[in-house]
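Chains A and B, in that order, give the protein sequences. So the mapping is simple: the numbering used here equals the position in the first sequence, first residue as 1, plus 10. So the mapping is simple: the numbering used here equals the position in the second sequence, first residue as 1, plus 3. Notes follow once the structure below has been shown.
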Amino acid sequence: GNSVTQMEGPVTLSEEAFLTINCTYTATGYPSLFWYVQYPGEGLQLLLKATKADDKGSNKGFEATYRKETTSFHLEKGSVQVSDSAVYFCALSSLSGTYKYIFGTGTRLKVLA
Amino acid sequence: EPEVTQTPSHQVTQMGQEVILRCVPISNHLYFYWYRQILGQKVEFLVSFYNNEISEKSEIFDDQFSVERPDGSNFTLKIRSTKLEDSAMYFCASSAEGGNSYNEQFFGPGTRLTVL
Numbered sequence: 011g012n013s014v015t016q017m018e019g020p021v022t023l024s025e026e027a028f029l030t031i032n033c034t035y036t037a038t039g040y041p042s043l044f045w046y047v048q049y050p051g052e053g054l055q056l057l058l059k060a061t062k063a064d065d066k067g068s069n070k071g072f073e074a075t076y077r078k079e080t081t082s083f084h085l086e087k088g089s090v091q092v093s094d095s096a097v098y099f100c101a102l103s104s105l106s107g108t109y110k111y112i113f114g115t116g117t118r119l120k121v122l123a
Numbered sequence: 004e005p006e007v008t009q010t011p012s013h014q015v016t017q018m019g020q021e022v023i024l025r026c027v028p029i030s031n032h033l034y035f036y037w038y039r040q041i042l043g044q045k046v047e048f049l050v051s052f053y054n055n056e057i058s059e060k061s062e063i064f065d066d067q068f069s070v071e072r073p074d075g076s077n078f079t080l081k082i083r084s085t086k087l088e089d090s091a092m093y094f095c096a097s098s099a100e101g102g103n104s105y106n107e108q109f110f111g112p113g114t115r116l117t118v119l
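Right under this line is the structure:
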């Protein structure tokens with residue numbers, strides 16, 4: 011069945027450091043891929059998405075590229091800020107039924123000033 | 004900006020009691036979902052709802068669970084007789100269209116359920 015694997019957290023970085031959060035998936039076909047972010051006390055917010063192979067999603071300085079050959083969708087940001095501290099979830103949308111999401115476990119990012 | 008809201012933010016209940024978790028989806032959305040996240044584990048799909056009926060449910064969603072859209076705005080998740088293992092964060096989500104995998108789901112802030 012479909013699944014998403016995310017790197018374990020927490021990840022602690024200094025401000026302006028480079029961020030990578032790894033995400034790989036297992037799916038039949040080519041699902042859409044998403045990164046959601048959850049700030050403390052808030053809901054899950056869509057950060058970026060990609061709907062087909064080689065698509066690059068980007069938002070707020072974050073990027074992720076849909077890599078079919080490695081079944082990956084790694085999240086990157088060149089220079090993190092304290093305000094990026096949150097939990098990041100990788101997810102895929104299943105290709106049948108009601109297109110429910112399948113999530114990874116989430117990765118907590120803490121950025122220190 | 005429209006948002007999905009959930010109440011209460013935190014619910015504490017005794018094992019065996021019934022709980023109802025409430026959600027108000029975005030007003031023009033047609034597809035509704037419940038997910039849950041047990042502490043430290045993955046966010047898991049529970050159920051999807053469209054046109055006033057369940058369209059898909061997971062193995063977790065057994066006879067103890069039910070969903071309802073009682074008044075055209077609220078979307079509720081009821082657990083008839085809670086168990087300790089039901090303790091989790093429950094997320095409600097809605098989307099404008101569910102007919103393709105591109106569609107974005109909008110999530111609420113979650114209700115933390117603690118079963119004692």
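Each residue gets a CB set at the ideal place from its N, CA and C atoms; glycine is no exception. Note that this is a predicted model, so its numbers are computed, not measured.
Requested in this report: May I ask you to list, following chain order, the residues of the region 19-48 of chain A that have a beta carbon less than 7 Å from some beta carbon of chain B?
Outcome: P41, S42
What's the call for R39 of chain B, buried or exposed, on a 16-neighbour Cβ count within 10 Å? For the purposes of this step, residue 39 of chain B is taken as the residue at position 36 of the second sequence. Classification of R39 of chain B: buried, given that the 10 Å Cβ count is 16 or more.
*Proximity to S76 of chain B [Cα-Cα], best of B:V27, B:G111, B:E88*: Position 73 of the second sequence, counted from the start, is the residue given in the question as residue 76 of chain B. Residue B:V27 is the option with its Cα nearest to S76 of chain B.
For chain A, is any of its Cβ atoms less than 8 Å away from the one on G111 of chain B?
The count along the second sequence starts at 1 and reaches residue 111 of chain B at position 108. For G111 of chain B, the nearest beta carbon of chain A is closer than 8 Å to its own beta carbon.
In the DSSP assignment, find the beta strand (DSSP E) that holds L120 of chain B and state where it starts and stops. Absent from the model: residue 120 of chain B. The displayed extent of chain B is 4 to 119, so no value can be given.
| task | Would you list the residues sitting across from S61 of chain B in a DSSP beta bridge? | result | Along the second sequence, one-based indexing puts residue 61 of chain B at 58. Paired residue(s): none; S61 of chain B is not in a bridge.
If contact means a Cβ-Cβ distance below 7 Å, which residues of the region 76-98 of chain A contact chain B?
So the list is empty, because no residue satisfies the distance condition.
### Message
Judging by CA-CA distance, which residue of B:E47, B:D65, B:P73, B:G43 is the nearest neighbour of N54 of chain B?
### Response
In the second sequence, residue 54 of chain B corresponds to position 51, counting from 1. Taking only the C-alpha atoms, the option nearest N54 of chain B is B:P73.
Would F94 of chain B count as contacting chain A if we go by Cβ distances under 8 Å?
As a position in the second sequence, residue 94 of chain B is number 91, starting the count at 1. Yes, its Cβ sits closer than 8 Å to a Cβ of chain A.
| Quick check: the region 86-100 of chain A against the region 66-78 of chain A, are there 3 or more CB pairs under 8 Å? | yes
Output yes or no for whether 8 Å exceeds the beta carbon distance between S13 of chain A and T36 of chain A. As a working mapping, residue 13 of chain A is identified with position 3 in the first sequence. As a working mapping, residue 36 of chain A is identified with position 26 in the first sequence. In this structure, T36 of chain A lies closer than 8 Å to S13 of chain A by Cβ.
Rounded straight-line distance, which links the Cα of V97 of chain A to that of D65 of chain B = The residue labelled residue 65 of chain B in the question sits at position 62 within the second sequence. The residue labelled residue 97 of chain A in the question sits at position 87 within the first sequence. If I take the Cα positions, the gap works out to 29 Å.
Check: What first and last residue would you give for the beta strand (DSSP E) that runs through V47 of chain A?
Finding: As a working mapping, residue 47 of chain A is identified with position 37 in the first sequence. Here the beta strand (DSSP E) through V47 of chain A covers 42-48.
Legend entry - Within chain A, the residues that S58 of chain B reaches when beta carbons sit closer than 7 Å: Within the second sequence, the letter at position 55 stands for residue 58 of chain B. T108, listed in chain order.
### Query
How long is the line joining the alpha carbons of Q55 of chain A and F78 of chain B, rounded to whole angstroms?
Within the first sequence, numbered from 1, the residue matching residue 55 of chain A stands at position 45. Within the second sequence, numbered from 1, the residue matching residue 78 of chain B stands at position 75. If I take the Cα positions, the gap works out to 20 Å.
* Simplified DSSP state of L87 of chain B, which is helix, strand or coil -> Reading the second sequence from its first residue, position 84 is the one you call residue 87 of chain B. DSSP places L87 of chain B in helix when its eight states are reduced to three.
Proximal residues of chain B, C-beta to C-beta of E52 of chain A below 8 Å: By one-based count along the first sequence, residue 52 of chain A stands at place 42. Correct list: P112.
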